[in-house]
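If you're matching positions, the sequence shown starts at 44 in my numbering and goes up one per residue.
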Amino acid sequence: ILCPITSRDVLFLDAPVQRDYGNELGYSEKDCWTIMMTAQTRAPDLFGNIFVSPHPDGQSRQNKEEATTVPYYPAILERIGTVIGMFSAPLIHAYLAKRRVISLQPGSAKTDMCPLSRHHRIRRALSVEDLIQQMTAPPTDPHDLANSLVESSARVTTVITSMEKS
């Protein structure tokens, strides 16, 4: 858990949604980027520097002029105030680090693909207006999830060890 931060810097977590899901979800990573950049144009005071982390598979966005491309690493959250993504694992890091985390799923008519937003732990945005509204809200509190994870690796190790002995 990191200290609270007043940074307006935003990290966008890119993901190959179009490649992996085609049109099944009702949006792609390009749609999400367009929504975020439109929100930034309409409410520039909510956005500081914009960073984008490409998916680890090496595919990166075509258009990078508006943002600084950085690989995702948890320590970057020390300077980031808001993390926007669709449904990737780094959203969990950001949530547990007490950052404002928004799952952006524009036009989604399907099931919420992000477990954190599906279970109301983080906010979900479906449109430009929705994203702007979510950008003004404080981060959600990860206390319950963080407590449930305390010593979880030791519990898993104990289960695996006991299975190996049987």
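Backbone N, C-alpha and C define an ideal beta-carbon position, used for all residues, glycine too.
Note that the structure is predicted; figures quoted are calculated from it, not measured.
* Between the CA atoms of V126 and R62 - distance to the nearest angstrom -> For the purposes of this step, residue 62 is taken as the residue at position 19 of the sequence shown. For the purposes of this step, residue 126 is taken as the residue at position 83 of the sequence shown. Looking at the backbone, the Cα of R62 and that of V126 are separated by about 22 Å.
Given this structure, state the Cα-to-Cα distance separating P149 from R122, to the nearest angstrom. What you label residue 149 is simply residue 106 of the sequence shown in a count that begins at 1. What you label residue 122 is simply residue 79 of the sequence shown in a count that begins at 1. Going from the Cα of P149 to the Cα of R122 covers about 26 Å.
Whole angstroms are fine: how far does the CA of A132 sit from the CA of E207? The count along the sequence shown starts at 1 and reaches residue 207 at position 164. The count along the sequence shown starts at 1 and reaches residue 132 at position 89. Roughly 29 Å between the two C-alpha positions.
Status (buried if at least 16 other CB within 10 Å, exposed otherwise) for E67: Residue 67 sits at position 24 when you count from the first residue of the sequence shown. With fewer than 16 other Cβ atoms within 10 Å, it is exposed.
By Cβ distance below 6 Å, which residues in the same chain neighbour N92 in space, the five residues on each side in sequence not counted?
-> Numbered from 1 along the sequence shown, position 49 holds the residue referred to as residue 92. Answer for N92: D52, listed in chain order.
>> Mapping the DSSP letters down to three states, classify L56 as helix, strand or coil.
In response: Translated into the one-based positions of the sequence shown, residue 56 becomes position 13. Note: L56 maps to strand in three-state DSSP.
key: Integer Cβ distance of I119 from I145, believed to fall under 8 Å   = Numbered from its first residue, the sequence shown carries residue 119 at position 76. Numbered from its first residue, the sequence shown carries residue 145 at position 102. Contact flag wrong, Cβ pair sits at about 17 Å.
> At which residues does the beta strand (DSSP E) containing A82 begin and terminate?
Replying inline: Walking along the sequence shown from the start, residue 82 turns up at place 39. Counting along the chain, A82 falls outside any beta strand (DSSP E), though it belongs to the alpha helix (DSSP H) covering E72 to R85.
Closest to M80 by C-alpha separation, out of Q177, V171, T179 and P182, would be which residue? For this step, residue 80 is matched to residue 37 along the sequence shown. Looking from the CA of M80, the closest CA among Q177, V171, T179 and P182 belongs to V171.
L174 - containing alpha helix (DSSP H), residue span: The residue you call residue 174 lines up with position 131 of the sequence shown. Following the DSSP letters along the chain, one finds L174 inside the alpha helix (DSSP H) bounded by residues V171 to M178.
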